[in-house]
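> Mapping of the sequence shown onto UniProt numbering: residues 1 to 352, in sequence order.
Let me give you the structure first, and then I'll get to my questions.
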Amino acid sequence: MTATGRSWRDALELTVEVPGDGEVRSLAHPSLVGVPEVGDEVLLNTTAWAQRLGTGGYALVVAVPDRLPPDPTGPGHLVKARYTPMQVSVQGVDEQDTEHHAAIAEADDLGGMPVVVADLHSALPAVLIGVLATDPDLKVAYVMTDGGALVAGFSRTLHTLAPSLAGVVTVGQAFGGDLEAVTLHSGLLAARHVLGADVAIVTQGPGNLGTGTPWGFSGVAAGEACNAVSVLGGEPIGALRISDADPRPRHRGVSHHSLTAFGRVALAGVTLVAPRGLGSELGSQVDEDLASQPERNEVVWVDTENLDEALQLSPVTLSTMGRGWPEERAYFLAAAAAGRYAAVQVPLPDDA
1 MTATGRSWRD
11 ALELTVEVPG
21 DGEVRSLAHP
31 SLVGVPEVGD
41 EVLLNTTAWA
51 QRLGTGGYAL
61 VVAVPDRLPP
71 DPTGPGHLVK
81 ARYTPMQVSV
91 QGVDEQDTEH
101 HAAIAEADDL
111 GGMPVVVADL
121 HSALPAVLIG
131 VLATDPDLKV
141 AYVMTDGGAL
151 VAGFSRTLHT
161 LAPSLAGVVT
171 VGQAFGGDLE
181 AVTLHSGLLA
191 ARHVLGADVA
201 IVTQGPGNLG
211 TGTPWGFSGV
221 AAGEACNAVS
231 VLGGEPIGAL
241 RISDADPRPR
251 HRGVSHHSLT
261 AFGRVALAGV
271 TLVAPRGLGS
281 ELGSQVDEDL
291 ASQPERNEVV
301 WVDTENLDEA
311 LQLSPVTLST
321 MGRGWPEERA
331 YFLAAAAAGR
341 YAAVQVPLPD
351 DA
């Protein structure tokens with residue numbers, strides 16, 4: 001290892017000299033491998049780096065063989081990344097002998113809490129901006145599913161947004177949030193009853209996996225998330241993936257990912273939010289794409305006044321699929337509009 005770079009949450013960038021490959025951009029998660037130092041020999045997994053992946057294109061530190069971290073001593077018996085060499089034990093909000101176990105054991109309802117569901121991690125900051133630009137006093141929790149990165153510390157977005165979030169709940173095999181939960185269901189209940197959230201946002205972690213096939217993409221879990229919200233008495237709200245910049249026809253207008261996840265998987269219904277202000281051509285395309293949605297899915301067009309200005313002030317760089325603001329304005333505006341709709345749907349105390 002020849003140099004260290006940026007650090008955030010539970011991540012440290014490194015430069016590692018690899019014989020035959022030269023300097024390799026690498027990343028370590030100190031909670032798993034300790035803190036590497038200049039001069040250390042490190043064991044790398046180069047799978048993502050070799051494929052030049054956009055989001056996850058790091059070589060990942062597996063171990064610092066000459067200086068192993070101490071054995072974990074913390075509480076908790078939830079094992080995540082189970083049965084992999086990097087499995088880790090964490091304390092779950094829903095496990096016995098924790099201060100929140102009784103609350104989660106008794107909780108069975110979200111009390112109408114609006115939950116914005118998106119299929120990509122890149123929608124998170126825009127949804128949050130839409131909520132807080134509409135009502136800055138609302139508490140917003142992020143529930144991170146395990147379709148992408150498993151380690152919450154991988155996300156620089158979460159590190160920057162932390163002051164604006166009530167907290168992060170990592171569910172399923174994902175870990176590293178402020179709270180850990182076994183399932184999306186218990187994670188949503190933790191967002192409501194432990195973090196006290198008025199609104200929750202559900203997305204996978206960074207690094208969507210797609211194959212160009214109708215069903216082979218990790219974002220299909222967005223539809224399953226809507227079902228979980230409905231089962232628990234929340235209000236599922238779909239943040240549509242809309243684009244007029246993506247070169248792939250299947251993602252122009254409303255992406256086939258959104259049409260599949262919300263239209264065919266979310267069987268209990270979901271409110272789909274379309275943003276006004278897209279322009280006549282793209283707006284007509286979106287209207288046409290959503291016309292085939294089942295009756296259970298209500299389509300709501302939301303006013304976007306002042307959302308462009310709020311998005312331009314984002315504390316994190318807005319970027320999706322290698323394209324940023326304003327090139328992908330429609331995508332981020334749609335996410336912000338979903339956040340705005342969620343903000344006005346928060347039940348009044350007498351309604352909860």
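Heads up, the beta-carbon is just placed ideally off N, CA and C, and yes, glycines get one too.
Computed from a predicted model, the values in this text were never measured in an experiment.
Just to check my reading of the structure: M240 and L272 have Cβ atoms closer than 8 angstroms, yes? What is that Cβ distance to the nearest angstrom?
Position 240 of the sequence shown, counting from 1, holds the residue named residue 240. Position 272 of the sequence shown, counting from 1, holds the residue named residue 272. Sequence inspection shows Leu at residue 240; the Met mentioned does not correspond to that position. Their Cβ separation, rounded to whole angstroms, is 6 angstroms, which keeps L240 and L272 in contact under 8 angstroms.
> What separation, rounded to the nearest whole angstrom, lies between the Cα atoms of P236 and D94?
For the purposes of this step, residue 236 is identified with residue 236 of the sequence shown, where counting begins at 1. For the purposes of this step, residue 94 is identified with residue 94 of the sequence shown, where counting begins at 1. Going from the Cα of P236 to the Cα of D94 covers about 23 angstroms.
> Kindly indicate which three-state DSSP category S243 falls into: helix, strand or coil?
What you label residue 243 is simply residue 243 of the sequence shown in a count that begins at 1. Correct three-state label for S243: strand.
> Could you check the C-alpha separation between D303 and Q345 for me, to the nearest Å?
The residue you call residue 303 lines up with position 303 of the sequence shown. The residue you call residue 345 lines up with position 345 of the sequence shown. Cα-Cα distance, rounded: 14 angstroms.
> Name, in chain order, the residues that DSSP records as bridge partners for M144.
For the purposes of this step, residue 144 is identified with residue 144 of the sequence shown, where counting begins at 1. According to DSSP, which records beta bridges pairwise, M144 is partnered with T170 and T203.
> The beta strand (DSSP E) that contains P136, what's its start and end?
Taking the first residue of the sequence shown as 1, we reach residue 136 at position 136. Here P136 belongs to no beta strand (DSSP E), and DSSP marks it neither H nor E.
> To which residues of the same chain is E328 closer than 7 angstroms at the C-beta, ignoring the five residues directly before and after it?
Translated into positions along the sequence shown, residue 328 becomes position 328. S243, A245 and T320, listed in sequence order.
> Taking the continuous beta strand (DSSP E) assigned at A59, which residues delimit it?
Position 59 of the sequence shown holds residue 59. Start and end: A59 to A63.
> Note the first and the last residue of the continuous alpha helix (DSSP H) segment covering N227.
Position 227 of the sequence shown holds residue 227. A221 to V231 is the span of the alpha helix (DSSP H), which, as asked, contains N227.
> Under 9 angstroms, do P294 and A336 count as touching if we go by C-beta distance?
Here residue 294 refers to the residue found at position 294 of the sequence shown. Here residue 336 refers to the residue found at position 336 of the sequence shown. Cβ atoms of P294 and A336: not closer than 9 angstroms.
> Given A105, which residues of its chain have a CB within under 7 angstroms of its CB, disregarding the five upstream and five downstream residues?
Counting from 1 along the sequence shown, the entry for residue 105 is found at position 105. Nothing meets the Cβ criterion.
> Below 8 angstroms on the Cβ atoms is my guess for H101 versus V194; work out the distance and round it to an integer in Å.
Indexing the sequence shown from 1 puts residue 101 at position 101. Indexing the sequence shown from 1 puts residue 194 at position 194. With 8 angstroms as the limit, H101 and V194 do not qualify as a contact, their Cβ atoms being about 11 angstroms apart.
> Below 8 angstroms CB to CB, which residues in the same chain sit around M86 once its five sequence neighbours on both sides are set aside?
In the sequence shown, residue 86 corresponds to position 86, counting from 1. L32 and V62.
> Report the three-state DSSP secondary structure of A28 (helix, strand or coil).
Here the question's residue 28 lines up with position 28 in the sequence shown. Strand at A28.
> The alpha helix (DSSP H) with R296 in it runs from where to where?
Here residue 296 refers to the residue found at position 296 of the sequence shown. Element bounds for R296: n/a, residue is neither H nor E.
> Alpha carbons only, please: which of D135, T183, S258 and V168 is nearest the one belonging to A191?
The sequence position of residue 191 within the sequence shown is 191, counting from 1. With distances taken between Cα atoms, A191 lies closest to V168.
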